[in-house]
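Here is the structure we will look at, set down as structure tokens.
Protein chains in written order, with the numbering used here: chain A, 5 to 110; chain B, 31 to 270.
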């Protein structure tokens, strides 16, 4: 994983967007949409071979709706850039993937 | 005119492959009150309307999510014809949303007007006291991205006591969807599903124009649907 890698994602409940790795402490989420119909959402990263339930949670959204917004996920501790290759929008209430994308080079 | 109430609670479900799995989250509950009216317009033409008030609860791991309100009005015209071998009927109508928010979670319906047609056949069973058999088969065009459905039912009934009837049967619906494409994140009210349930009912003629009934149903098989006992009660009034 390198700065500039990005993961596009889309799924149910009108969820879509793009996550871009800015540096080891920042992921930028752009054009993020959620129609507000899914409860208990969070944003998490991890390796595609691992259970999404064990991914690293980087932001809890709850049921907030978004209409194409852009925001940065800034971490207090640097991420191990070899410890994730997938960005997932996860429903923690029902333990299910809402949308996800695998990081790739621009 | 019939006023009924039913409640279902599920902690297990059929997944997309039809296997029994734990219900997503902690489970789900459905409560429903329905006002059902039949009005004869002519000897062979009947207006049928059912207006449900529903409360749906999806139990997440941390919170419960409940939506309440008027769901879809079921409005139909029925043409029936009595023959020497039984009664044949054909219905046409639609499910009409009564104003709920399409973005509610859980959803009360798809938010779309959904046309429905139905054919039915009923006949008496001479070997049973006041025995009867009724069969129904229909087609419901679904909205909101759902695949169309084929509702069906078969029921046998008899009155072993002059005022007490016992009915048993099966009912449910088949989906025309391809369940390999079903999105599991949509929840059980917003994704394609199909269910076959066994049902039983006791019916008591309290007075010449007044009946009460109590029923039970439970899914036997299905895909992407909850598994739980449905308990129902109702009262019916037959106008002169």
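Just so it is clear, CB atoms sit at the ideal spot from N, CA and C, and this is done for glycine as well.
Here the structure is a predicted model, which means the values were calculated and not measured.
Meets three-Cβ-pair contact criterion under 8 Å: the region 149-165 of chain B and the region 109-129 of chain B
Three or more Cβ pairs closer than 8 Å define a contact, and the region 149-165 of chain B meets that threshold against the region 109-129 of chain B.
Check whether residue 206/B and residue 241/B have beta carbons under 8 Å apart
Contact: no.
Own chain, CB closer than 6 Å to residue 127/B, minus 5 neighbours either side, in chain order
For residue 127/B, the CB contacts under 6 Å within the same chain, skipping 5 residues up- and downstream, are 102, 139, 141 in chain order.
Selection of the region 29-46 of chain A by Cβ proximity to chain B, strictly under 7 Å
Those residues of the region 29-46 of chain A that come within reach of chain B (Cβ to Cβ, closer than 7 Å) are 39, 40, 41, 42, 43, 44.
Mind checking the region 89-105 of chain A against chain B and listing, in chain order, the residues whose C-beta falls within less than 9 Å of any C-beta there?
Only 95, 96, 97, 98, 99, 100, 101, 102, 103 from the region 89-105 of chain A bring a Cβ to less than 9 Å from some Cβ of chain B.
Within 10 angstroms of the Cβ of residue 88/B, are there 16 or more other Cβ atoms? Answer buried if so, exposed if not.
Buried.
Shorter than 8 Å from the beta carbon of residue 93/B to some beta carbon of chain A?
At least one C-beta of chain A is nearer than 8 Å to the C-beta of residue 93/B.
Just to confirm my understanding: we take residue 26/A, look at its own chain, exclude 5 residues before and 5 after, and list those with CB closer than 8 Å. What are they?
The beta carbon of residue 26/A sits closer than 8 Å to the beta carbons of 7, 32, 76 from its chain, once the five residues preceding and following it are set aside; these are given in chain order.
Please say whether residue 63/A and residue 199/A have beta carbons closer to each other than 8 Å?
Residue numbering for chain A in the displayed model covers 5 to 110; residue 199/A lies beyond these limits and cannot be assessed.
Quick one: which residues of the region 54-78 of chain B get their C-beta closer than 8 Å to a C-beta of chain A? List them in chain order.
So the close ones are 54, 55.
Applying a beta-carbon distance threshold of less than 7 Å, which residues of chain E neighbour residue 133/B?
Judged by its chain identifiers, the structure shown contains no chain E, and its protein chains are A and B.
Quick check: what's the CA-CA separation for residue 156/B versus residue 191/B?
Whole-angstrom Cα-Cα distance: 16 Å.
Relative to the alpha-carbon of residue 247/B, which residue among 112/B, 130/B, 183/B has its alpha-carbon at the smallest distance?
Answer by Cα proximity: 183/B.
Less than 8 Å between the C-beta atoms of residue 92/B and residue 18/A, yes or no?
Cβ distance not < 8 Å, so residue 92/B and residue 18/A don't count as in contact.
Can you give me, in chain order, the residues of the region 82-110 of chain B that have a beta carbon less than 8 Å from any beta carbon in chain A?
Within the region 82-110 of chain B, 88, 90, 91, 92, 93, 95 place their CB atoms closer than 8 Å to a CB of chain A, listed in sequence order.
My output table needs one value for residue 243/B: the three-state DSSP class, helix, strand or coil.
Residue 243/B: strand per DSSP, three-state reduction.
Jot down the residue ranges of each uninterrupted beta strand (DSSP E) in the region 169-236 of chain B, minimum 3 residues, whole runs only, in chain order.
Runs of beta strand (DSSP E) with 3 or more residues, each lying fully within the region 169-236 of chain B, are found at 179-191, 194-205, listed in chain order.
Which residues does DSSP list as the beta-bridge partners of residue 14/A?
Looking at the DSSP output, residue 14/A bridges to 20/A.
Should residue 41/A go down as buried or exposed, given a rule of 16 or more other Cβ atoms within 10 Å for buried?
Burial call: buried.
Where in the region 43-81 of chain A do unbroken runs of the beta strand (DSSP E), each at least 3 residues long, occur, reported from the N-terminal end onward?
The region 43-81 of chain A contains these whole beta strand (DSSP E) runs: 45-50, 60-66, 70-78.
Considering only C-alpha positions, which residue in the set 164/B, 227/B, 203/B, 172/B is nearest to residue 38/B?
Across the set 164/B, 227/B, 203/B, 172/B, the C-alpha of 227/B shows the shortest separation from the C-alpha of residue 38/B.
Does the region 34-53 of chain B come close enough to the region 47-57 of chain A to have 3 or more Cβ pairs within less than 8 Å?
The answer is no - the region 47-57 of chain A does not touch the region 34-53 of chain B, with fewer than three Cβ pairs under 8 Å.
Under the rule that 16 or more other beta-carbon atoms within 10 Å means buried, what is residue 40/B, buried or exposed?
Buried is the label assigned to residue 40/B, since at least 16 other Cβ atoms lie within 10 Å of its Cβ.
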